[in-house]
Ligand SMILES: [Zn+2]
């Protein structure tokens, strides 16, 4: 497959949509309800009513987590995870994405009875198949779940450090889970392990907790990116710090709206963060759970007044902040220059 023929670029050349890239998506949270139903039937698993009329059913944060965990349990072996990654990435490529990272959680796989090695191997095979079929480039970030405690997060970091040696598609380590539990200092050792292994670092912060947690996460865990970070907007000095350091923000507008982090689209801090000079990227988080996908996030930006050149800038920010080798990064950035010309959009805005 010649990646130059990737669907996104073809669309850009014909004057169509802006090529997209994504840094923040939880792979189990990307599972389409139809795929979850199919695997539940195959494995004889009762989903307990979490899928209705082709959509996930939940009504608050607790029931969202319960539905998410239940859906995760239908993936029972490497072949199921291969299917999940391939399905997710081919869908993204067809919608116009050229690059995607996703979070994988060894703790989630363990609770479904799947060893971390099989989980990783299945997802990696799915990435390779999707690339062969569509040209999309993708990488994985192993995450620790903070509400499981510092020891488990350290174990996830050791998993990432050990397995990244053999699996070049595993390039990052991150922190997820309930942000209100633990402080960045509790996870410093886990991040030291991952940093020493040469992994890219990111952490959820400034979603359910405030700006101070964003500051401490950057200062103590020394991440180059922040998952969400939208509540940084509550403290101008934290926003300035993010802009000065060039920390990439993995912003997930529809997730923020669905979980009540922002009351409505008009009050979403996407624009103030961009205008303050922050390095913003657009992401879907757990797309079918929030009735969204990456194209809908780019459409959200369009409806907030960001033109094609600005939206291409979000894609460029994502590729510049991606946990990917330099040769791949340069190739992807070069593709964006071609897209910018095709779109008639300036290549350095955003
Ligand atoms: Zn997330």
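Numbering (my numbering), first residue to last: 13 to 362. By construction, the Cβ of each residue, glycine as well, lies at the ideal position given by its N, Cα and C atoms.
Assigned exposure category for residue i - 16 Cβ within 10 Å defines buried
i           : result
residue 231 : exposed
residue 144 : exposed
residue 346 : exposed
residue 219 : buried
residue 351 : buried
residue 312 : buried
residue 73  : exposed
residue 151 : buried
residue 237 : buried
residue 328 : buried
residue 98  : buried
residue 71  : exposed
residue 119 : buried
8 Å Cβ cutoff met for residue i and residue j
i           : j           : result
residue 148 : residue 105 : yes
residue 309 : residue 285 : no
residue 126 : residue 82  : no
residue 79  : residue 45  : no
residue 189 : residue 215 : no
residue 56  : residue 95  : no
residue 280 : residue 302 : no
residue 193 : residue 158 : yes
residue 334 : residue 113 : yes
residue 341 : residue 316 : no
residue 235 : residue 211 : no
residue 209 : residue 173 : yes
residue 263 : residue 292 : yes
Residues of its chain near residue i, where Cβ-Cβ distance is below 7 Å and the 5 sequence neighbours each way are ignored
i           : result
residue 290 : 251, 254, 255 and 261
residue 51  : 86, 87 and 92
residue 200 : 232 and 233
Rounded straight-line distance, which links the Cα of residue j to that of residue i
i           : j           : result
residue 75  : residue 300 : 15 Å
residue 331 : residue 181 : 15 Å
residue 257 : residue 60  : 46 Å
residue 153 : residue 278 : 31 Å
residue 63  : residue 91  : 22 Å
residue 221 : residue 228 : 12 Å
residue 85  : residue 132 : 16 Å
residue 34  : residue 141 : 19 Å
residue 339 : residue 245 : 34 Å
residue 65  : residue 343 : 42 Å
residue 304 : residue 206 : 31 Å
residue 48  : residue 217 : 29 Å
residue 321 : residue 109 : 16 Å
residue 128 : residue 213 : 20 Å
residue 195 : residue 225 : 8 Å
residue 58  : residue 124 : 14 Å
residue 130 : residue 272 : 36 Å
residue 43  : residue 100 : 7 Å
residue 103 : residue 314 : 21 Å
residue 204 : residue 270 : 33 Å
residue 36  : residue 296 : 7 Å
Cβ neighbours of residue i in the same chain (closer than 6 Å, five flanking residues each side left out)
i           : result
residue 155 : 115, 117, 186 and 188
residue 247 : 223
residue 136 : 179 and 181
residue 134 : 90, 93 and 94
residue 298 : 38 and 41
residue 288 : 251 and 255
residue 107 : 307
Proximity test, Cβ basis, 8 Å: residue i and chain C
i          : result
residue 71 : The structure shown contains no chain C; it holds only a single protein chain.
Cβ shell of residue i (< 8 Å), same chain only, five flanking positions each side left out
i           : result
residue 202 : 156, 162, 165, 166, 168, 169, 185 and 187
residue 197 : 228 and 232
residue 268 : 219, 240, 242, 274 and 280
residue 276 : 269
For ligand 1, list every residue whose C-beta falls under 6 Å from any of its heavy atoms, going in chain order.
By the rule of a C-beta closer than 6 Å to any heavy atom of ligand 1, the residues picked out are 36, 38, 188, 216, 239 and 297.
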